[in-house]
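For reference, the structure is listed below as structure tokens.
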Amino acid sequence: MESDSHASNSTSPLSLSGTATATATATATATSTGTGTGTGTGRQRVHRYKHACALCARRKVKCDKDEPCANCRKARAVCLYDAHDPDARPRMPAKRPADEDVLDRLARYEDLMRKHSLDFSLPNTPNAVDATKPNRPWILPVPVPVPVPDAQFEHSRDVVLAEAELEPCLWSTLSSELKHPPMQGLRHREDPLLHPTQPLHVVLASSQPDLCELHPEPQRIYRLWHVFVEAVNPLTKIVHVPTLQQRVLNASFDPGAAPAPLTALLFAIYTLAVTSLSATECDELCAEPRPVLLSRYRAATLRALVAADFLTTHDLDVMQAFVLFLLANPESELASSLTGAAVRVGQRMGLHRDTDPTSAASSPVSFFDGEMRVRLWWQLRRLDARDRTDAATTGVRPPHPADLVGALRLPLNVNDADLHPNMLAPPAAHAGPTEMLAVLAKMAVPAWQRSSPRAARVWEAIMDRQSHPSTSSAPPTLPDGTPRPAHQQQQLALQDAAIDELEALFLDTHLRGCDARIPLHALARAMAALAVARMRFAVHHPRWRQQHAHPNLQHAQPYPGPGSAAPNSAALIPRRESDTLFSAALAYLDAAHAGARSGFSRHLLAHITTRNQLDALVFVLSELRRPRRRGEQENAALAWRLVEDMYGEYPELSAGDDDDDDVGRGEYAPFFEKLGELVLEAWDAQRGAVAESVGGAGGGLAGQVFNTEDAAPQFVRLLEARRLSRAEAGHGGGGGGGAVGRPATAGLDGSVGEGFPADVDWDWTYWNDFLRL
Numbered sequence: 047m048e049s050d051s052h053a054s055n056s057t058s059p060l061s062l063s064g065t066a067t068a069t070a071t072a073t074a075t076a077t078s079t080g081t082g083t084g085t086g087t088g089r090q091r092v093h094r095y096k097h098a099c100a101l102c103a104r105r106k107v108k109c110d111k112d113e114p115c116a117n118c119r120k121a122r123a124v125c126l127y128d129a130h131d132p133d134a135r136p137r138m139p140a141k142r143p144a145d146e147d148v149l150d151r152l153a154r155y156e157d158l159m160r161k162h163s164l165d166f167s168l169p170n171t172p173n174a175v176d177a178t179k180p181n182r183p184w185i186l187p188v189p190v191p192v193p194v195p196d197a198q199f200e201h202s203r204d205v206v207l208a209e210a211e212l213e214p215c216l217w218s219t220l221s222s223e224l225k226h227p228p229m230q231g232l233r234h235r236e237d238p239l240l241h242p243t244q245p246l247h248v249v250l251a252s253s254q255p256d257l258c259e260l261h262p263e264p265q266r267i268y269r270l271w272h273v274f275v276e277a278v279n280p281l282t283k284i285v286h287v288p289t290l291q292q293r294v295l296n297a298s299f300d301p302g303a304a305p306a307p308l309t310a311l312l313f314a315i316y317t318l319a320v321t322s323l324s325a326t327e328c329d330e331l332c333a334e335p336r337p338v339l340l341s342r343y344r345a346a347t348l349r350a351l352v353a354a355d356f357l358t359t360h361d362l363d364v365m366q367a368f369v370l371f372l373l374a375n376p377e378s379e380l381a382s383s384l385t386g387a388a389v390r391v392g393q394r395m396g397l398h399r400d401t402d403p404t405s406a407a408s409s410p411v412s413f414f415d416g417e418m419r420v421r422l423w424w425q426l427r428r429l430d431a432r433d434r435t436d437a438a439t440t441g442v443r444p445p446h447p448a449d450l451v452g453a454l455r456l457p458l459n460v461n462d463a464d465l466h467p468n469m470l471a472p473p474a475a476h477a478g479p480t481e482m483l484a485v486l487a488k489m490a491v492p493a494w495q496r497s498s499p500r501a502a503r504v505w506e507a508i509m510d511r512q513s514h515p516s517t518s519s520a521p522p523t524l525p526d527g528t529p530r531p532a533h534q535q536q537q538l539a540l541q542d543a544a545i546d547e548l549e550a551l552f553l554d555t556h557l558r559g560c561d562a563r564i565p566l567h568a569l570a571r572a573m574a575a576l577a578v579a580r581m582r583f584a585v586h587h588p589r590w591r592q593q594h595a596h597p598n599l600q601h602a603q604p605y606p607g608p609g610s611a612a613p614n615s616a617a618l619i620p621r622r623e624s625d626t627l628f629s630a631a632l633a634y635l636d637a638a639h640a641g642a643r644s645g646f647s648r649h650l651l652a653h654i655t656t657r658n659q660l661d662a663l664v665f666v667l668s669e670l671r672r673p674r675r676r677g678e679q680e681n682a683a684l685a686w687r688l689v690e691d692m693y694g695e696y697p698e699l700s701a702g703d704d705d706d707d708d709v710g711r712g713e714y715a716p717f718f719e720k721l722g723e724l725v726l727e728a729w730d731a732q733r734g735a736v737a738e739s740v741g742g743a744g745g746g747l748a749g750q751v752f753n754t755e756d757a758a759p760q761f762v763r764l765l766e767a768r769r770l771s772r773a774e775a776g777h778g779g780g781g782g783g784g785a786v787g788r789p790a791t792a793g794l795d796g797s798v799g800e801g802f803p804a805d806v807d808w809d810w811t812y813w814n815d816f817l818r819l
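In the numbering used here, the protein residues as written are 47 to 819.
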């Protein structure tokens, strides 16, 4: 099947660590129901129909026309025959004499083989099949489907899963808090959104000090400029560093004499530089607390923009300062409101008009200005696209990605040193990586979405699904007669092919010649890997797939949950699909961790490294409870290292109710408690596997992951102490029986069970989310 071929390709060329690989999957072998072999005159068959059953006809294999037929008995599938008019002409012509001759010869050969005691029957006894079946007690047998009135619907699902090896989808057994995290992602304690800007009436009050008094000392101006150039500019590239650097140095000796546009640009640079620093770095560099400097420079930037008439300007310096101010806190309400105004100002300036770099001599705008305007417009449109996507109304057709970015050409792949304000012709574009690497990698996604026919087909398929948000109300077949499950399988294959196409675009166009030892190159590779892994994880995630009656999710079956004596109901999922999800989730977390630790401006990367990160973390922890995951030592080691890093980076994950409110648990405390229980369940299962593998002597995987032989990592010990204290206080395991909760189930008709809300915009949000890069 096409979708399986994509799903099996879980070892991505963009994988950063090389360890997030899925294990090979085996084809499940179903036991037959005992079809006997005949002796003497052969097996007596009772022909009840004159035509093949629906499943054999679809597979184009010979049917013996019994009820049920031999093929359906072997596949343990429902054998149904279409209604047939006995008076109608048969579709196949009558047997010809040549056919009778072949059958006679075949009968003679069979008699000769019987006389010589040669067995020519298929190995269809239960013992013969079970002898080749691998010993995997945790993999449940394929259930016998229950007949439903809609034969086409059921046959399509049987075709998809007839030979698939199924196993429990452990994610479906989790509590609702874990399956639907209350937040998109975790916020670092230094996130600029946690330090709001002063109200406008305070910022613009007449009692504020003069702007010239708010500039830092000359030596600190240069230091902040250096931070901006190293940590911020590679991710934005909307200013020309060689030209602006000389202007900054000249203005640093007398900032009060700088013109209004340059003053606004200077304060925007200060703001972004301080935002990119940690609290410790800010104390060392500026000798003042980071929150104080953030408040001061944000207010000063806004006042400088007002002084430069930023809402009616036609000055490129003012627009650059305006966009930099929006990037300093891009998720704030103020930035969201002002982004729309910035787009209108840019349109009045003509930033959206495409300027042909080959005709700079005849253009009213010089080539240098035209190139900087193209860069600025792309950055502004990405900000606007993110706000429009976040503010989209449920049930309203969202804007197409191509409509969000327009038809403007991409910037040239050149370094700043290749550009000069007085140049008359464009420089030759580089074939390999340049200073524009990270920016062009971000722009490649919306450019691909507006030009790729496959991406256009994916978008139309998403819109088709949005018109049928629930399969319980959707017709079982499409207007052309295609069964809906088979159509959904085709759409999954289409999305996988689109993701493969985007991955190839990154590898062939943007990452060719990259050197991982260069920080900017390593960051671009991490961003590409994260984008591909997050999208692959999204389109295969069981939340969306079960909502739309994905044929890769089957009946609910009893599954003994880890640490629980009572069985829990778990949906079944093909093993190959489970491996694809696990590998994509690991690659996603690995790339997000690499981006956050890259040394570039953390807050500019936060919206791509933390968005929906909790979904991937929950899925990885849930899969670590699976017995066969414990044997995948490289994947398990990587998974536990990433979990440990996240708990070290975000202290609220392991903080208790009695800790400071500053860590940010608040209303999300129940989710964090459930997540901690899930971590402990996975760790207890891992510890049991380690003890079993080394005979209780310690070491093994635990030593490989945490460089210790007998002790759990600090975050696990802290979670265990929290659990013990809650148990002693009589609160149990976090107020709800651990991480495993009342599961969601899906019936054969594709109806959605409890715990799977109608999240109809899940898929298009993820595809539009590429614009957030």
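All C-beta atoms, glycine included, are put in the ideal place defined by N, C-alpha and C. Note that this is a predicted model, so its numbers are computed, not measured.
**Distance, LEU340 Cα to SER253 Cα** = 19 Å
**Item:** Where PRO242 falls: helix, strand or coil (DSSP)
**Value:** coil
**Asked** When the Cα atoms are used, what is the spatial distance from VAL338 to ARG344?
**Response** 10 Å
**Item:** Residue(s) in a DSSP beta bridge with ILE619
**Value:** GLU213
**Request:** Provide the residue span of the alpha helix (DSSP H) that contains THR317, from first to last.
**Result:** 306–322
**Helix, strand or coil at LEU281 [DSSP, three-state]** = helix
**Request:** Step through the CB atoms of chain C and report whether any lies within less than 8 Å of the CB of PHE414.
**Result:** No chain C appears in this structure, which consists of one protein chain only.
**Message:** Please give me, in chain order, every unbroken run of the beta strand (DSSP E) with length at least 3 that falls completely inside the stretch 481–510.
**Reply:** none
**Message:** With a threshold of 6 Å on Cβ separation, who are the neighbours of SER412 within its own chain once the five nearest residues in sequence on each side are excluded?
**Reply:** none
**Message:** Helix, strand or coil, according to DSSP, for LEU454 in the structure here?
**Reply:** coil
**Item:** Secondary structure of LEU220, DSSP reduced to three states
**Value:** strand
**Message:** Within a Cβ cutoff of 6 Å, which residues of the same chain sit near PRO288, ignoring the five residues on either side of it in sequence?
**Reply:** ASP462
**Request:** Could you give the DSSP three-state label for ARG545: helix, strand or coil?
**Result:** For clarity, residue 545 is Ile in the given sequence; the question names Arg instead. Reduced to three states, the DSSP call for ILE545 is helix.
**Asked** How many Å lie between MET489 and TRP424 at the Cα?
**Response** 8 Å
**Item:** Anticipated Cβ contact below 8 Å, ILE284 with VAL369, distance rounded
**Value:** 6 Å
**Message:** Taking the alpha helix (DSSP H) that PRO337 belongs to, which residues open and close that run?
**Reply:** 336–353
**Prompt:** Thinking just about the alpha-carbon of each residue, which of ASN117, TRP217, LYS111 and CYS118 is nearest to the one in ALA617?
**Reply:** TRP217
**Request:** Tell whether a beta-carbon distance below 8 Å holds between LEU311 and ASP363.
**Result:** yes
**Message:** I'd like to know if the stretch 621–639 and the stretch 657–676 are in contact, where contact means that at least 3 CB-CB pairs between them fall below 8 Å.
**Reply:** yes
**Message:** I need the straight-line Cα distance from GLU723 to GLU223, nearest angstrom please.
**Reply:** 12 Å
**Rounded separation between GLU417 and GLU698 - CA only** = 45 Å
**Prompt:** Contact check, LYS225 vs ARG589 under 8 Å by CB: the rounded distance?
**Reply:** 7 Å
**Prompt:** Hey, how far is the Cα of VAL798 from the Cα of THR219?
**Reply:** At VAL798, the pLDDT of 31 sits below 50, so the modelled position is not reliable and the matter cannot be decided from this model.
**Asked** Between LEU483, GLY478, HIS466 and LEU456, which lies nearest to ARG496 when the distance is taken from Cα to Cα?
**Response** LEU456
**Item:** Cα-Cα separation between GLU211 and SER378, rounded to whole angstroms
**Value:** 47 Å
**Request:** With a threshold of 16 other CB atoms inside 10 Å of the CB of CYS215, please say whether the residue is buried or exposed.
**Result:** buried
**Item:** Proximal residues to ALA387 (C-beta, below 8 Å), its chain only, five neighbours per side dropped
**Value:** LEU357
**Request:** Work out the CA separation of THR385 and VAL485 for me, nearest whole Å.
**Result:** 19 Å
**Item:** Under the three-state DSSP convention, the category CYS109 falls into
**Value:** coil
**Message:** Spatial neighbours of LEU380 within its chain, please: C-beta separation below 7 Å, excluding the five flanking residues on both sides.
**Reply:** THR243
**Asked** Cβ of LEU220 versus every heavy atom of the ligand SAH: is any distance shorter than 7 Å?
**Response** The model on display carries no ligand, and the ligand SAH is accordingly not part of it.
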